[in-house]
Amino acid sequence: MSNQNTKGKFIVIEGGDGAGKSTLIKRIRELYPDSALVCTREPGGSPFAEEIRRLSLESPESKGASSKTQFGLVWAARHDHMTKLIVPALSAGKHVLCDRFDSSTYAYQICGQADPDLRELFWTIRDIYLGDHKPDLYVFLDIDLHESARRTAGRPGENHFDTAPLDFKGRVRAGYPEFFTELGRRTNTPVVTINTNGLAPDAVAREFVKTIRPFFGEPKGE
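In structure tokens form, the structure reads like this:
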């Protein structure tokens, strides 16, 4: 799967809480047991970015942080993540699968935290920070709000975004298609949506493999 002379592919997996992003990535690791596949997450992914993640999500003060504060933190974490992990991996010909990326920043800070003034700044920073290493594909695992709540009820490790009211989560969910629509207006980056409502994890994985087969080839794991 690795080719030192060819840049790897950068694929982002997005979706609401409980949509199965982490479960899917675990399954893809099994189906493609290749060290050339790098799986990572956001916020986080590099040691310093993980520190920013803890500050953004777990600090007692983080619940009251403004949209602009969170926006700045997550972009700082992303730049470090890109510099330390993603860009080196892609440059070495490795493929990168990322659990959440810039689309979550748009959905959470601009839409969820209701700060439309950040829209143009978002796209400007995106161009500067990501440069020639923007994602090659977004896969959105869609899930309705009630199914999301059912799947995540009692889940350990909740942060202040997980426990936010339903209207906030509704704005976040609406933020993803808004991001993808604007992305389509500005770029030709493909976006694939998988409706996960009522789908078992293996069924989601099968749909995902159909999407990534042109990039990764046939799965080798069981």
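Note that the numbering used here has the sequence shown beginning at 9, numbered continuously upward.
Backbone N, C-alpha and C define an ideal beta-carbon position, used for all residues, glycine too.
Alpha-carbon to alpha-carbon, residue j and residue i
{"i": "proline 227", "j": "serine 99", "result": "23 Å"}
{"i": "proline 55", "j": "aspartate 152", "result": "33 Å"}
{"i": "alanine 211", "j": "threonine 204", "result": "9 Å"}
{"i": "leucine 138", "j": "glutamate 128", "result": "15 Å"}
{"i": "threonine 48", "j": "lysine 15", "result": "17 Å"}
{"i": "phenylalanine 224", "j": "proline 96", "result": "19 Å"}
{"i": "glycine 72", "j": "arginine 221", "result": "43 Å"}
{"i": "arginine 193", "j": "serine 64", "result": "30 Å"}
{"i": "glutamate 50", "j": "glycine 26", "result": "16 Å"}
{"i": "serine 70", "j": "lysine 177", "result": "17 Å"}
{"i": "serine 111", "j": "isoleucine 136", "result": "16 Å"}
{"i": "serine 75", "j": "lysine 142", "result": "23 Å"}
{"i": "alanine 182", "j": "arginine 35", "result": "27 Å"}
{"i": "asparagine 196", "j": "threonine 132", "result": "17 Å"}
Cβ distance (whole Å) where residue i is taken to contact residue j below 8 Å
{"i": "serine 30", "j": "aspartate 144", "result": "Not quite, the Cβ-Cβ distance comes to about 21 Å (not below 8 Å), so this is no contact."}
{"i": "valine 200", "j": "phenylalanine 188", "result": "At roughly 10 Å, the Cβ-Cβ gap does not stay under 8 Å, so valine 200 and phenylalanine 188 are not in contact."}
{"i": "valine 20", "j": "phenylalanine 109", "result": "4 Å"}
{"i": "alanine 85", "j": "glycine 52", "result": "7 Å"}
{"i": "threonine 113", "j": "valine 147", "result": "At roughly 17 Å, the Cβ-Cβ gap does not stay under 8 Å, so threonine 113 and valine 147 are not in contact."}
{"i": "leucine 32", "j": "alanine 213", "result": "6 Å"}
{"i": "glycine 28", "j": "serine 156", "result": "Not a contact, Cβ separation roughly 11 Å."}
{"i": "valine 217", "j": "leucine 39", "result": "7 Å"}
{"i": "tyrosine 184", "j": "alanine 115", "result": "5 Å"}
{"i": "isoleucine 118", "j": "valine 104", "result": "Isoleucine 118 to valine 104, Cβ: 24 Å. No contact."}
{"i": "glutamate 215", "j": "isoleucine 202", "result": "5 Å"}
{"i": "leucine 149", "j": "glutamate 66", "result": "That pair is no contact at about 24 Å."}
According to DSSP, residues forming a beta bridge with residue i
{"i": "phenylalanine 176", "result": "Bridge partners of phenylalanine 176: none, in fact."}
{"i": "histidine 103", "result": "Leu45"}
{"i": "leucine 93", "result": "None; leucine 93 has no bridge partner."}
{"i": "aspartate 150", "result": "Asn203"}
N- and C-terminal bounds of the beta strand (DSSP E) containing residue i
{"i": "glycine 80", "result": "It is not in any beta strand (DSSP E) - glycine 80 instead sits in the alpha helix (DSSP H) that spans 75-89."}
{"i": "threonine 246", "result": "This structure cannot speak to residue 246, because the chain is shown only from 9 to 230."}
{"i": "asparagine 203", "result": "199-203"}
N- and C-terminal bounds of the alpha helix (DSSP H) containing residue i
{"i": "isoleucine 60", "result": "55-65"}
Query raised in the report: For the stretch 109-146, which segments carrying the alpha helix (DSSP H) assignment without a break, of at least 4 residues, lie completely within its bounds, in sequence order?
Result: Qualifying alpha helix (DSSP H) stretches, in chain order: 110-113 and 127-138.
Report task. Return the chain-ordered ranges of every beta strand (DSSP E) run that is complete within the stretch 15-50 and spans a minimum of 3 residues. Result -> Listed in chain order, they are 18-23 and 45-49.
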